[in-house]
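Colleague: Can you keep this structure in mind? I'll have questions shortly.
Residue numbers (our numbering): 11 to 310.
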């Protein structure tokens, strides 16, 4: 019986020793926060790593220390730094979204409708201008008529052609204005549409090729929205699976397939793809590097 008692005491002493060893002799400060809630939020990062931590009030009123064990301090600080960067980006984007107010979204749709209808009416009175304004592989690359990829965006073959581009252009332009503002939305949509037409001409050169219609700009705006969506997922949610990050691109690509392809031989499918691809690249760049949006433009 004495033997069992001695073994029991020895076992308990070992357990007590192990428990004591798990409690750190000293704590290292890994963060200092102005509110208790903020300190607790950051402590969750440490607890998620499986490490111990504690929050103590500082000597200065209104300050709270976040402390952790000395050994994993380097890893903890890296995680806290990454968390702080993520929350800072998210907070900044929320602030921009709150401050951003675009009363010009509906006005942009009205402007889109009026401009397209006015040009269509005018070209009916002066049909000879269509030949001069159309996107042309020979006109652009042989004769150097650089304006063609852009002026062709405002001319249409017939009323159904015009109606389709007004409908889908209004939809995509509305969301684009809410994403980056009216002036930038128009700038990037028309620029990418023109570049898409220019690429299409280059792909067809030296064969004769000619096209008109705003569809290249319409699909450029869809590409811009997709690129902005992918960039936002990467910047704000860097730890999401790539399948989630690629979702905006996949959605845009599906819409491109649904709306941009047609068995009609007069449909410029390559132009749709060029517009979407150009917009996708530009949207991704604008979303990843927001300063690109700071191009000086007249107010909308």
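For glycine and all other residues, C-beta sits at the position ideal for the given N, C-alpha and C.
Treat the numbers as computed from the prediction; the structure is a model and nothing was measured.
#1: In this structure, how does DSSP classify residue 278 when only helix, strand and coil are distinguished?
#2: Within the same chain, show all residues whose beta-carbon is closer than 7 Å to that of residue 186, passing over the 5 residues directly before and after it, in chain order.
#3: At 4 residues or longer, and completely inside the stretch 118–158: list those alpha helix (DSSP H) runs for me, N to C.
#4: Thinking C-alpha only, which one of 143, 36 and 202 is nearest residue 80?
#5: By the 10 Å Cβ neighbour count, where 16 or more other Cβ atoms means buried, how is residue 292 classified, buried or exposed?
#6: How do the stretch 282–299 and the stretch 144–159 stand: do at least 3 beta-carbon pairs fall below 8 Å, yes or no?
#7: So the alpha helix (DSSP H) residue 184 belongs to, where does it begin and stop?
#8: Less than 9 Å between CB atoms is the rule here; does residue 151 satisfy it with respect to chain C?
#9: If contact is defined by three or more beta carbon pairs under 8 Å, each pair taking one atom from either stretch, is the stretch 166–173 in contact with the stretch 213–224?
#10: What does DSSP give as the partner residue(s) for residue 6 in the beta ladder?
#11: Could you name the residues of the same chain whose beta carbon sits closer than 7 Å to that of residue 148, not counting the 5 residues immediately before and after it, in chain order?
#12: What does the alpha-carbon distance come out to for the pair residue 61 and residue 182?
Modeller: Here's the rundown:
#1: Numbered from 1 along the chain shown, position 268 holds the residue referred to as residue 278. Residue state, collapsed to three classes: coil.
#2: If you number the chain shown from 1, residue 186 lands on position 176. Hits under 7 Å: 195, 199, 231, 234 and 235.
#3: Runs found: 138–143 and 147–151.
#4: As a working note, residue 80 is residue 70 in the chain shown. Among 143, 36 and 202, the Cα nearest to that of residue 80 belongs to 36.
#5: For this step, residue 292 is matched to residue 282 along the chain shown. The residue in question, residue 292, is buried, as its Cβ has 16 or more Cβ neighbours within 10 Å.
#6: No: the two stretches stay apart, fewer than three of their Cβ pairs being nearer than 8 Å.
#7: Numbered from its first residue, the chain shown carries residue 184 at position 174. Note, residue 184: alpha helix (DSSP H), 169–190.
#8: No chain C appears in the structure shown, which is made up of a single protein chain.
#9: Verdict: yes, contact present.
#10: Outside the displayed span of the chain (11 to 310) sits residue 6, for which this structure offers no information.
#11: Numbered from 1 along the chain shown, position 138 holds the residue referred to as residue 148. Annotation for residue 148: 218 place their beta carbon closer than 7 Å to its own, counting only its chain and skipping 5 residues before and after.
#12: Along the chain shown, read from residue 1 onward, the residue named residue 61 stands at position 51. Along the chain shown, read from residue 1 onward, the residue named residue 182 stands at position 172. Near 48 Å, if we compare the C-alpha coordinates of residue 182 and residue 61.
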